[in-house]
Each structure stands twice: as C-alpha cells, then as structure tokens.
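Worksheet: one structure, shown below.
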Amino acid sequence: MKRTLGICYYPEHWPEAMWADDARRMAESGLTWVRIGEFAWSRIEPEPGLYDWGWLDRAVETLGDAGLKVILGTPTSTPPRWMLDKWPDMLPVGADGQIRKFGSRRHYCFSHPGFREDCATIVRLLGARYGRSPHVKGWQIDNEYGNHSTVLSFSPAALAGFRLWLERKYGNIKALNEAWGNVFWSMEYNRFDQIELPNQTVAEANPSHWMDFRRYSSDQVGAFTQVQTNILRASGPAPLIHNFMTKSTDFDHFEVAKNLDIASWDSYPLGYLEKHSTLGDAWIQTYVRQGDPDFQAFHHDLYRAVGRGRHWIMEQQPGPVNWAAYNPAPLPGMVRLWTWEAYAHGAEAVCYFRWRQAPFAQEQMHAGLMRPDNIPAPALAEVQAVAAELKAMPTAETGAAPVALVFDYPSVWAWQTQPQGKGFEYFGLVFDFYRALRKLGLSIDIVPSDCASLGQYRVVAVPGLLSLAPALQQALEVFDGTVIAGPRSGSKTPDMQIPTGLPPRLPGFDCTVEYVESLRPGLTQPLSGGGAFRLWSEKLSSRMPVRETHANGDPAIVGDEKHWYVGGWPDEAALHRILQQACAKEGLPTVELSGGLRIRDTATHRFFFNYGPEAQVIDGLEVGVAEVKWAPRGAA
Amino acid sequence: MKRTLGICYYPEHWPEAMWADDARRMAESGLTWVRIGEFAWSRIEPEPGLYDWGWLDRAVETLGDAGLKVILGTPTSTPPRWMLDKWPDMLPVGADGQIRKFGSRRHYCFSHPGFREDCATIVRLLGARYGRSPHVKGWQIDNEYGNHSTVLSFSPAALAGFRLWLERKYGNIKALNEAWGNVFWSMEYNRFDQIELPNQTVAEANPSHWMDFRRYSSDQVGAFTQVQTNILRASGPAPLIHNFMTKSTDFDHFEVAKNLDIASWDSYPLGYLEKHSTLGDAWIQTYVRQGDPDFQAFHHDLYRAVGRGRHWIMEQQPGPVNWAAYNPAPLPGMVRLWTWEAYAHGAEAVCYFRWRQAPFAQEQMHAGLMRPDNIPAPALAEVQAVAAELKAMPTAETGAAPVALVFDYPSVWAWQTQPQGKGFEYFGLVFDFYRALRKLGLSIDIVPSDCASLGQYRVVAVPGLLSLAPALQQALEVFDGTVIAGPRSGSKTPDMQIPTGLPPRLPGFDCTVEYVESLRPGLTQPLSGGGAFRLWSEKLSSRMPVRETHANGDPAIVGDEKHWYVGGWPDEAALHRILQQACAKEGLPTVELSGGLRIRDTATHRFFFNYGPEAQVIDGLEVGVAEVKWAPRGAA
Amino acid sequence: MKRTLGICYYPEHWPEAMWADDARRMAESGLTWVRIGEFAWSRIEPEPGLYDWGWLDRAVETLGDAGLKVILGTPTSTPPRWMLDKWPDMLPVGADGQIRKFGSRRHYCFSHPGFREDCATIVRLLGARYGRSPHVKGWQIDNEYGNHSTVLSFSPAALAGFRLWLERKYGNIKALNEAWGNVFWSMEYNRFDQIELPNQTVAEANPSHWMDFRRYSSDQVGAFTQVQTNILRASGPAPLIHNFMTKSTDFDHFEVAKNLDIASWDSYPLGYLEKHSTLGDAWIQTYVRQGDPDFQAFHHDLYRAVGRGRHWIMEQQPGPVNWAAYNPAPLPGMVRLWTWEAYAHGAEAVCYFRWRQAPFAQEQMHAGLMRPDNIPAPALAEVQAVAAELKAMPTAETGAAPVALVFDYPSVWAWQTQPQGKGFEYFGLVFDFYRALRKLGLSIDIVPSDCASLGQYRVVAVPGLLSLAPALQQALEVFDGTVIAGPRSGSKTPDMQIPTGLPPRLPGFDCTVEYVESLRPGLTQPLSGGGAFRLWSEKLSSRMPVRETHANGDPAIVGDEKHWYVGGWPDEAALHRILQQACAKEGLPTVELSGGLRIRDTATHRFFFNYGPEAQVIDGLEVGVAEVKWAPRGAA
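Chains as they are written, first to last, in the numbering used here: chain Z, 135 to 770; chain V, 135 to 770; chain A, 135 to 770.
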C-alpha cells in the first residue's frame, strides 16, 4: 500500500491566472492528489440546463499538467438556488416542523425523487465528460453526508417515502401494528397512509416507530448514493469515495459504503475535542491544541472497516478552524503527527483542507496551507516534512490486530431513542472500550455487527449491541477466543422489543438481565474487583460463574472461560482491569501507557504518538510533546 | 374504612390464554381491584362505528370470576388514529404554535366539541354495557389529565371556546378591558373576536389575559369530565374516579373532582424525586431509592381533600420506571412502606402499575409486579407481605388533624404568570410549609381556598394565596386558632390586579405590604429570630405588633395573638421556628424529627416511616432503613 | 446647560378627578417635565378614523396649568388591535418563523408600508393639534426601539423590503454574488427575488448575507423614524427625542438619531445588572442594590455622543422593577446618586418612570414615585432632595474629555454574526476598555466610527472595529496622540470579507495578523508585562517594535510611539497597564480607583460616586455607601 498526500482546492474561488502557480506549488510540496468541484454546481450549471464546462476542463488540465491526480467531487451537496424554483419542496424539514432554507449547504432532502433525478443528470454529464480523463483518478460522491443534521428530514417527501418503505417492509398494516406493539395506547393504524413521522408527538413516540424511521432515513442515504455510484461505475475506472465525518452516526456507514471503493473521512481533531468530548474542562484543557489522543485512531480503525480495508483522510485540519465553540491553533508538530497516525492505521492518502484560506463567506476564518495573501501558513512546512519522510517509508502493510470491537449504527439509534438514563450513549460506551484497549498498547480492528469471521482475533468486545445479526451470531458460536459483552448487549429484538426470555440474547451467555437501573452522576456501584459501574447497572442472575460482585453480593460480572458478561457501564479503572485480564488469559501482551502516549503497530513498524503535555520515554525512545516516532517491529 | 390492594392490567396486551392464570395469581396475591380498559379504544372500536365487545366481555368475566373487582377506564385519553380522519383539528397545539401529533397518547384538545361528542358516544356504550355488570365496581374517567402538558392547548378550538367563555363571563368588551386593565399599552379590544390566546405575544401578555386563559382551560377539563360523569352516573351505581398526578397543577383539581366520588392519584416516588426535587444533588442522592420523605404524604393529604375524604392510589410504582432522567430501583422495603403510608393517610386502596411489564412500545422498560417473562419481579413479595398484614389491620379511621394548610390552584397560575422573581413557585412555598409542619410530627389537613369551616383546627397556614374566596374569608373571620399568612397572601384581586389599599387583603390582618423585592440566590435577609428570608421579601408597615425584624430594624414578621403575617419566604430554620411557636401557643404537641423519619397518626395508630439512610429509634421503636412500623396511639 | 427633573405619567390610567392633584404634587416636588401619551393610541383613536381628543386636550392643559412642560409621545409603539383587521401582516416574525402576536407592545414590523402610513396619519394629527401648544415642549418618537428584540423581523414585509434594498445597493445580482462571495457553496443567485432572509438556513448563512440584513433592518428603524420627524419638525418648534435603551445594539443609534434633537435613554441600573452583567455571581451580589458602577456612565457618554451633545434620561428606575430575573430595591441614596451621575455626564434632564405605580396589567409590580394607593414611595424623598440641591447647582458645562473611545454598531453585528469564539462580543470588549479607563479616573468621550475630528484628545482607543469609515481614517491619519487598536480592529471589509493583505487595515499600523485563535475559558495567554490575553489571541508579525510578548516570545502587543496594536483580548490587569502607560506617555494624570468608587469631571466640578459596599476617602472627602459628593475642580 502506497502512502500519499493530497489537498482540497477550489479553482472557482480564485482568478484563473493563479491556477498554474498553485498547481506547481502543490506538486513541489509533495502533494499527489487534488480534490476539486464538490461545491461548484452553480458554476457548472449556472442556469437550468445551461452548462459551462470550460473552466472545469481547464482546471482539471492545469492540475493534471502539474502532475497532480484529480479527485472530482459530484456537486450534489450544494444544488444551485434555481433548482428551488423547480422543486420548492426539496428542502429538508427539521424535527420542529420548520423548513430549513437555502443559503448555506446540504439544503436537500434525501427522499425527494425530483432532486435525485437532477443529481443523476449532473452526475451522468460529469461521468461522461471526465470518466475517462487521464487526470481524474477518483470520484467523491456528494460531501459529508449527515453534516448539519441532515439525514433525518421531516419533510412531505420523507413522509411519502416512509409510508411506502413501511408498506414494502410489513406488507400489511396488521404486521406493522404487531411489530411496533401498537395495541399499547391504542396506537393501532388501519392503513399505511395514516402513519406520520415520529416527531412532535404529544408524548414520546413508539420506539419501534422511531427505529423504523431511523432505518428508513439511513436507507435513503444509501439509495441516494447508489444513484450516483451506478452512473459513475459505468463511466470509467476511477474509484468511488465519500468523505464521511467524525462521530457521525445518523446513517449506517457500513451499508452506504457497500457501493464505494474507498471510505475517506474528514479529520478535525481540535474542533472535535471542543464539540464532542464528554470528559470535562480539565481534559479538554490538557489536549486543547492536540486533540483527544484516541479519537482519530478510533475513526481510522472504524473507516478502515467501513472501506473494507481501504481508507483515506479527505480533509485534514491544518490550523484553526471556524466552526467550533473555540478555535485554537494546533501545537507545532501536530499536523505531522496526525498525518503519520493516519498512515500507521492504514490510510492510503492524507489530504489537507484546504490549499488557500478563502477570504469570503462562511469559512473565511478556516485556515489552509496558504494564507489568504498566498503566503504559506505554518502547516505547509509540516506537510513538506512528511513528504520528505515518505521517501524513506513510502508503503506499509496494515498490521494484524489481535482484538476486535463491534460497532453498529442501529445500536446508536436504539439507545438514542430509548436511553433509559440520561447520557447512555452507545458511541461513548464503545469508545470507552476502545480507549481502554488502546491504553493497553493494543492494535484494534473495528468490525460491523454482521461480521462473519472472527478467526484472527483472541478477544472480541461487543458492548451495548442492540441485537445480533445472523452472521455475527454464527461467528460468535464458533469463535474460540474470549467474548466480552454487556451492558445492554442483545437486549432487544430488531423491532425494538424486549426479547422473549429476557436479555441477553447472545450465544454462549447463560445469564439473565432481570431488570436494569440507570444511575445519576454520583451514584456509582463499586465492584469487588475495584472500580465501579456508573450510569448503568443490571440485575443479573447467572448459570455461569460470578466473576465480580456488587457491594451487596449481587453478581456484577459473570462468565465462563470464554464468555464474560459485564452487567453495567464500567468506569475507567474497572474497564482497564477487565480487558487486561481477558488479554492476559488469551496470552496477548499489553503495555501500560500513561498520559497522552499511544502506540500503533503496522506489519513492519511500531509507531509512538505523544498527544500529552510532557515528553515520555518508551522502549528507549524519547517521544517529545506533539511528536511521532517509530521503530522497526523487530526492535521492540 | 376498608383497606384494599389492586392492580392495573391490560388484557389486550396478552394472549387470551394467559388471562385466567393472571387473574388467579392476582387474587392469590391478595389483590382486590383490577383496573382495565383505559387505553383500549382501538380494540373496542377498531374502525369508526364498528365495535368489538367480545374480548372485553370475556376479560371482565375472567377477572370477575377470579374474585376481582373491575375498575373500568373510559378510553378517551387515547382516541384511535381513525378519528383524526374525521376531526383533523382535534389535536392539541403547543404554546409554540406547533400541532402535537398522533403517535403516543393524550392527543386531543379538551375544547374540541366534536371529540367531546365522540367521547360521549363511547362512554354511553360502555355505561350501557357494563354499568350494571356484577364485576365492574368502579369507573376511571379518562387517564391522568394534564400529563404531557396537555391542559393548555393553543388550538383553534381553544381559541373559539375562549372567546365564548370570555363573552359569557364579561358580557361586554368594556368590562373585559377594565378587568384586564387594557388601557395599558393600548391593548383595548373592540370585540371579543379580536382576542387571541396569550401565547407568542411580542412581550409578555397581560397577566389578566393569562389568568383568564388558565381559568378557561381548567374549566374545559371540568366540562370534559362532566360529559362522562353525567352518563356514567346514570348508568349504574359504581363510583366515579379519576387518577390524578403528582405536582399536577394546570387545572383546578377541587373543581374537576366535584363530579367524582373518589380522587385517586398515581404515585411514582423515585421518578418524582428525579423530575421535580428542587433541593439539589445531595438531597436527591440521599433519597434516590426511597423518594422524597414528604412528597407522597403531601399528595395523600391533598387528594384526600380533593376527594372530599375518599382517595386511592391508582398507580403505585413497583420498581424502576422508564420516564425519569435516571431510573434506579427502590430499596427493598419501599414498596411496602409507600403502601402503608398511603393507608396511614387515609387511602382506601393501593393499586400497583402494572401487573406484568410489557415487552413492547413506550413503557417496555417500566417495571411491573411480574417480569415480561412472567416470573415475579421483586415488588410482588412486598405486596404479598402487605396483603398478609392487612388481615390484622383491615380498616382504619383517618385521624383528626390539628393543622390546616390551604392549597389553591389559581394561585399556582398567578405566580407562574407573574413570579416577579425567578423561582417564586406557589407549589414550592406551600410544600415548604407542609414539610416543616410534618417534621414537627404533625398530621395535616390540606383544604381548598373555598373551605367554609376551620373549626376543628388550631393552626391554619395560608401562604401565598392569590385572593380569598368568600367562604374562606368568612371561615377565617370566625376562626379562633392562629392563622399564619404571607408572603404574597391576599395580594391580588381575582382579576389579577393589586387590590385597592394594597395587600394583604386578609381578615384580621392589620398590616400593609408597601413593596416587594425578589432576591437572587445568595442574597438572603436574616431574621432577628434566626434563619432568614430568601427569594422574596416584603416591606411591611403594621398596626399589629412586630414579632421579628430584619437586620435594619424593619418589620419582617408581624402579628397579633391570632394573626401572624410572614413578610418573606422563610428558609427551613425560620419556618420551623415560626410554626413551632404557633403550635406551642396553641397547645399542640410537636416532635423534632430528624433525617428521613416521619410520623402519621390515624384515629387508632401512630405510624413511623423511615425514608432516611440510617435506622432511627423513636418512642422506643427502632425503625430500620426503608421500614415502616406502627403502634397503637395509646401506647405513645 | 440647565439641569432639570421630570416624570412619566399616564393620565389615561387614572380617573380624571386625580389629574390636577397629581400635577400639583409633581410641580411641588420640583419636577419640570412630564412625558405622556406614548401608549395611548387606543384612547386617541378607539376605532379606525374615530378620534377622541378631549381627554388628551384636558390632560395637557391640566399639566400645563400646574407649570409642567409636556413631552408628548407618538403612540406608534402600541397600535390598537383594530389595525390588525386592516393589516394582518404587520406583525413581526421571529427568527424561528413564528408570528409574534398582539397582546403586549411593539407588535409591528418596521418594514410594513401600510403601518408606516397609518403612523404618518396619527403623527400628522398630533402635530397639527399640539405642535404649537404652549404646553407641549417636546416630542418623543415611538418608544424604546428594539425592546423585545423587535428590530430584526423575519416577516414577508421585511423580505420584500430587503430584496428591494439589495437591488438598490448592488444594482445587479452579479455584484451581490461577488460582494458576498456566493461562489462558495454554490450560493450564487440569478435574481434578487431568489434571496431569502438569512434565518433558518441548513447551516449558518453567509456572514455577508447576515450583515446586509442587519444593515437593512437598522435602516428601517431610521426610515420609520424619519416619517415621523419630517412631520413633527414641520409642525412646530418642540425638540424631537427618542428614548433609547441600555445595551441596545440592533440598530445604528448614531444614524437613527441624525433626525432627532436629543438622545434620551431609559436607565434601570438594577435590572441591567441582573440581565446583562457578565462578571458572575459575586460581582452581581456586591452591586445588587446599586447597579454596575460603570454601566450608567458608559451609556451617558454613549448617548451624549448619539445626541450630538444633548442627552436626557427619559426613564429613571425609582425602585424595584418587574422584568428582571430578580428585582430587589435600590439602596437608599441610589436614586439620588444615579440622578447626579447623569447630570455629571451632561444630561439635561432626568425623568423618573413613573409617577404612580399602576395596579393592573404587565407592569403592576413596577415601582413609581407614588404607590398604587397614592402614598409616596421611598424614591420621592430622594427626588425632592435632588430638586433642592439643583437650586444651588442649576447648570453645568460638560467637561472636555482627554480620551476618546470609538463605538460602532455594525461591529456589534459583525462579531455576533462571526464570533469565531464563544463570548467574543464587541460591546463587552469596548466596555472593558471603558471600565479600565474610568477606573483610572478619566473622563471619556465615546465617538462614532465616522468621527471626523479627534483633535481634542490625547488617547484614542479603537478596539474591535470592523472597518474604518473614511472620515475616521482621515482623522486618525492626522491625529497626533496615541491610538490603541486591536484586537480584531480593521479586520474586515464592509462586505464582511478578509481584506486583501490581511488585517489590520488601520492607518499607521505596520503589522499583520497572520491568524487568530479563540480561547476557551481557562486557556489564557500570559503577557510579558503581566496580565494575559483571554478568549482571543492573534498571531502577529510587525514592522513596528514589539512592546510585549507571549510566553513563547511571539509578539503580543506591537507599536511605534503613536500606534499600539493589542493582539488579543486583555484581561483587567493587562488592560489597566496598557491604558495607564498610554496616558502616562501622553501626560494625562490618572487616579487609581478601587472598589465601586468612580469620578466624573464637569467643567467646574469633580463628582465622586460610591457604588461600593464600603465608605471611601478620596481627595480628603469621605464618600459613604450609595453616596455622591462633589467639589469645585480647583479644589482637587
């Protein structure tokens, strides 16, 4: 696998006279890829049916002539204003029932059939024109699905689509009433056209209603994607890519990516830390110019799985951004560190966003590799340093991970629909497992919930999984390593009902969750082995041995040799111990990492990343603040 | 008065084959009552005008055959979806102007005349069919009025009704303009049909406008109820009941209950603590598995008054619920404690919600007495223990309380409309008085603001009462015990104006509130007798003696021998002292209770309830954590 | 300049029989002015086209006969309800798309042409009737523009007006697309009628779009005003006044006031402290009964500038108000202190709101000089004391201030649109500079951003100014004192783009802001001179000398002898030092004031105001709590 660098570029933002010089400097800086076009619909088709290809032809050619390979974006995330004259009802509608207006981006509803047709037309024209271009070496489909909370739309188009989807799924209304349990509260329907979207109900809507709407909405992203991928696949050999986002869970990425060749994602470590960290002010303060030490790695491992082994960074933060609550600059060295971390986790390409900071519009305060006055910004030197280093290490094989962690999008929706306790968030639960494994120095594979083969792993963790797909069920049945499950794993049917016989419905787990409790902050349940459950605790009975107990003697963790069930949300200490014990039992060596130091193994090297505020020494190497080092794996 | 147990049951949720066994186990567990049917409209009338009585006939018979007495609920809180085809405008509308959609429950506007007619029809049919049934021994009208904030609806139906109501009240528009003071800000109306609902005004609407809309909305609950009670009263002898809620104040319960025979309420101590407690994290933490030690008692005493001496618990929490922010399990013993506390306060029946936990829909995580897999949940054993104990103490006479506390719904609305200081909440003020009285070991009667007779009391507290009804005015004039009033008592006319001559307008209180201050947290006003006012302080002048002063010498509490006026919101220490002094003066013995220990006297026994985290000894009895004990009253 | 007192009065609220006595007591209390009529439209025109002038004629005459001078308010802020029968679409619409209904005040959209016509009609009639009245000595136009967030209306009328305004500004749609940078995200428009208002877009709207809508909305306030001022100017000699508000920034007050003769404002120090203070609970607690020690002074200096030298207090708080979260009473003495502070800052008149507390409607809990029962409230004695003192000091000349501080309304809008860091608020930044200057004992002039002459000043501070108007640019070019600029000064073009060549675009400042960072609370940047930047920090390069550095040696404050650029938001210590050094360099004497003591010089006297909780001694004078003292300027 070859490691490459790239850049996002907007020729339409700059005088044509600058293009050649920009292209030359990109190439000289060691960049291979240049992504263009994904927001340029109003320049390609300034009026309905009136196309201007000249500027785009010249841009592709200028970039290609400089030796760059073009990723061409389909411009469907920003339809021009004139399209609303034709489809005024294509705008998305919020859960509050308000139309979300034109004037920024992503102003479309995935369900709108007319808009889908217009997308097919523009993509067909793009494919025909550039599908065999010697310079266009990849396609990006749309841009950042789900950004600005646009997967769920409560529009008339979504309602119409949802009713059809339900009719197709259930066949008759009686089946739907039973699957949802609509006898409860007299919610039974007589006809499919009586069903509304689940927003703005008097009390909360039926969780099964929500889950079907979540599945429907996710499916629309897939169907929308397939319209484009079918066309582009036929237009030429270039791989199909989408740039996914961080902590983006409103659609099933595994499903949507099935029609793609590469999963890429947009990595903004500082913006993420500010926006999503749940660990409080002191933690954010410690990592404010570096980002969370595990968050990028998690997404690399996730999108490597989504891309079935192939993943990129399509947008890498190069300096302060404009959109978080607070937008500091990264520490010197972090742009290089983030880039190498991506490679260590198997990324084939790292592209920066963007070449030159735009002086206008919404993102004028978003840094680029060049300042608005066309002078290099601080990050460019770090990119050039990576380019130089790549000459010594141009390729890598992803290492074999000994541990697998299941991640599942419907489980996100299920616990958002029915948290049962404020703060019970599936993403956070899985991420806690991920961080604990990684602090043990382990390399991890994230696998989907329909993963059919677990043979290469020694430990598989399945926290909080809504219900098991048949493939994973079968894989677990034959798996001979240790499976760690719970809390809440296998606790529902896919219809979002409690399964007959009570949870957990997991092969090989001979225990019962009698009832569950959600715990307010401050109310923790100490474990006999140390640490505690917080937020969530289950009353267990078990035919398997009790491994750890609560203060009152009730079982807290139960399990036989190969199946451990964790009946609560373990805090950091408890999770560390549980996972360390499982690894020890399976003969997996672990390391005790402290502070912000992290490790990742490729097939040939061990990489060390220091996110923390102090230099650390490991394996005889001193790793400075914001520094990345590596050593051949034999050396350790 | 006989003490009984009961259960809420949903035969429509379960295969008919299970009914007989369920009924048998209910009866064997000591349950007498079974409430059914209140959400079953879609099964009774699956299509408009098409009725299916068979299943309900069989359910009533099966339960009755097992020896159970049926409370049959009118299903009007969950009209079927098909009714919206007929009355699309029957849905309630929020204060934000948004329609509140079908898909859960309570999806109706009390003002809608068409829906009221359809309710009359279904109730008429139910009454005709079951009004003389040997098994149906009570009717529940609708379910939990006011849940999900459904009393106030800002719908077209409510607007039309409100205009008529105003016209009926005021006769001519000039009278309305004067009563509201509409000359202020040129708000004068020319015609009744110009008046809008008071939501979404540019600045806050006229408080008189709000108060009339609050009164109108409360009246609609009463009128809606009367449609049903008139029909059912004529259909047979069974008593008419509604299940009211905790801290439910959007309509006047005293008024609505005038057409009922029994006031019942739904008691969820843990959910309440999490949802409503204003005492902060440490308090909640202390009582997280027990509930607030005074809150259930307050509602027992309130609903005993609402029911004119007859009250039930229609739904008693048996384990973790699904709807609070956090949902822990009760301590072992609490289900029994809550049950006996209800009896000690005069409840005739305690029914648990629900027999078996449903595995589907919105409440699938709400515990029952049986688990979804039909195995007993922990609470069942406590219920059976109560059933056994009842054999020794099957009846009780409510004791005579020496203290009365006035509670008034329009006062809630008044201070919500015009708090004048964030956090000035009438319910909280009255509840502070209640808790302080109860911590003195007193049994308390709550009385309405039109209470005509106070002869049996020695101390009457009237905090924060908007204005006096003539009956209470006359009762106070002849009352020879001590009246404690203020802050804010008698401070408005019923029109929500400042009375001529300034507050308080209370018979026998010769003092004046010159102006008032609201105080931010941290700004307290120490009292010469100890403790302080917080949140609210009044500048008093008085022809009555000054009892306590502020630091600057201004009068804080004034009063003659029989009339004490408290010119602020007393903190716990101050309130304890004031009330203790009043009781001492009136010769009422008090007890100093600490922690979570509480007392309640019936005519024959003194009960001891320990809500606190440690065992306590009182009157020679050790009362353990989550324990209830009792002793004959002669013994103390 | 003569110093006078006045009162706000509502004859329509009281029986006519009370008027003469009210007027007599006003005059006897030393009041000169009486403002009436501004909310009386429904009494002047009770039905469309039907006028009742009699009561107003008699009210004016009764007041005038008592020797009072009448300020007559145009009643346009409270159009009667019947007008909505004619113009149902004149109501304002919130950013949430919801119509803001009738039922309070300010229920109109500034853009509505029909409403503007009706305003012209009523004002024309008022002018014709009272323009030459011997008693009407001033006009108040409308009332409190902007109160209740009514400047920005998202109504159809505003949309129609905005499109025309844009067409007039840009001429063709291409020019608009370029000015806004609409090529970004394909936001380009083909026609002006495609442009929507910038609310409810999917992601944030283009900042240039917002800025134009902010400018448009501000212009409508000006145009609305001009309709009235043109009429009244022609009707007689009385000066034209508007009563502006505290921290009111949604329209450009300098622009709107160009058609007025006097700028007045409504001063509610306690309500403001509670509503707007950003300094936390301890600060608010310290000043809870006095108000912020610098806030009133800031607004005096601001409105003196807005009024081009002439300013009044139209409404002065006399006791507890009704509208803040908490409403305490002022300390005894504060009403007098606030009044003298206004005079010391050049106010010609101080009018109190209101004569007698109304017992009805929205403001029934708002204190007046008289209680509702017509007995004097505490403030009246303080007003009478001021009246007596005025006999000794009836006139004053405003002193010459040595320091100027630029304040600019579009800069407020710019940083609200694009804060780039939570809490970056222009008003707060300028106010921090103001407070620091004032704590140095300085008298300050606030000047607009088109100020053409700075000759009289030694120090000019220009923090956070969006961009320079040509007049100020020229004035700065010839200014020979010290200019202190930054952070963020001159950082945008008026179109809201980053200027070519990067910020700051300020004459004489030879430095560059390479990029900026926003800093979360707790993340501060210490300065070599002490103190720190917080919230905002800029990466500077400079051809001017470096005055102070960051911990890493980067320049933080740069400047030559006369131009200092501050590359961040200085905390209190840093700002104090920077400004003290500038004053010292320019030979301006400063004083170190502590606690709540403040100074203001007129031409002849130095005034001392003690807002703090303890008495202080300064210049040999002891100034008690809530006390104001003064001394002839020669004496110091």
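Ideal Cβ placement from N, Cα and C applies to all residues, glycine included. Source: prediction; values computed, not measured.
Bridge-paired residues (DSSP) for residue i
i: C485/Z; result: G140/Z
i: P660/Z; result: A666/Z
i: H433/Z; result: DSSP lists no partner for H433/Z.
i: I396/A; result: I375/A
i: W698/A; result: I618/A and G693/A
Pairwise C-alpha distance: residue j and residue i
i: P85/A; j: G265/A; result: Nothing can be reported for residue 85/A, as the shown portion of chain A is limited to 135 through 770.
i: V617/V; j: F541/V; result: 14 Å
i: F558/V; j: Q550/V; result: 8 Å
i: V227/A; j: D384/A; result: 16 Å
i: G758/A; j: R258/A; result: 51 Å
i: A397/A; j: L206/A; result: 15 Å
i: A666/V; j: A707/V; result: 8 Å
i: A534/V; j: G555/Z; result: 42 Å
i: Y182/A; j: T255/A; result: The sequence as given places Pro at residue 182/A; Tyr does not occur at that position. C-alpha separation (whole angstroms): 11 Å.
Backbone secondary structure at residue i - three-state DSSP
i: L539/A; result: strand
i: T363/A; result: helix
i: G295/V; result: helix
i: Y304/Z; result: helix
i: Q550/V; result: helix
i: D735/A; result: strand
i: G207/Z; result: strand
Residue i at chain B interface by Cβ criterion, 9 Å
i: P180/A; result: Any reference to chain B falls outside this structure, whose protein chains are Z, V and A.
Cut-off 7 Å between Cβ atoms - residues of its own chain near residue i, not counting five sequence neighbours on either side
i: A478/A; result: R734, T736 and F741
Nonlocal neighbours in the same chain, by C-beta distance under 8 Å from residue i, ignoring five residues either side
i: P637/A; result: R622, S623, G624, S625, K626, T646 and V647
i: E611/A; result: P641 and G642
i: A770/V; result: At A770/V the pLDDT is 43, less than 50, meaning the model places this residue with poor confidence; the figure from the coordinates comes in the next sentence. R740 and D753.
Cutoff 6 Å; reference residue i; Cβ partners in own chain excluding five residues on either side
i: V594/V; result: A538, L588 and V617
i: K673/V; result: E648 and Y649
Exercise for review: Would you list, in chain order, the members of the segment 194-225 of chain V that have their beta-carbon closer than 7 Å to a beta-carbon of chain A?
Suggested key: Shown here is that no member of the segment 194-225 of chain V has a Cβ falling below 7 Å from a Cβ of chain A.
Check your understanding: Between the segment 156-187 of chain Z and chain A, which residues of the former have CB atoms less than 8 Å from a CB of the latter, in chain order?
Key -> Look at the segment 156-187 of chain Z: the residues with a C-beta under 8 Å from a C-beta of chain A are F173, A174, W175, S176, R177, P180 and E181.
**Study point:** the segment 532-550 of chain Z: positions lying closer than 7 Å to chain V by Cβ
**Key:** Result list empty, no residue passes.
Check your understanding: Closer than 9 Å, Cβ to any Cβ of chain V: which residues of the segment 330-346 of chain Z, in chain order?
Key -> Under the 9 Å Cβ criterion, the segment 330-346 of chain Z contributes E330, L331, P332, N333, Q334, T335, V336, A337, E338, A339, N340, P341, S342 and H343.
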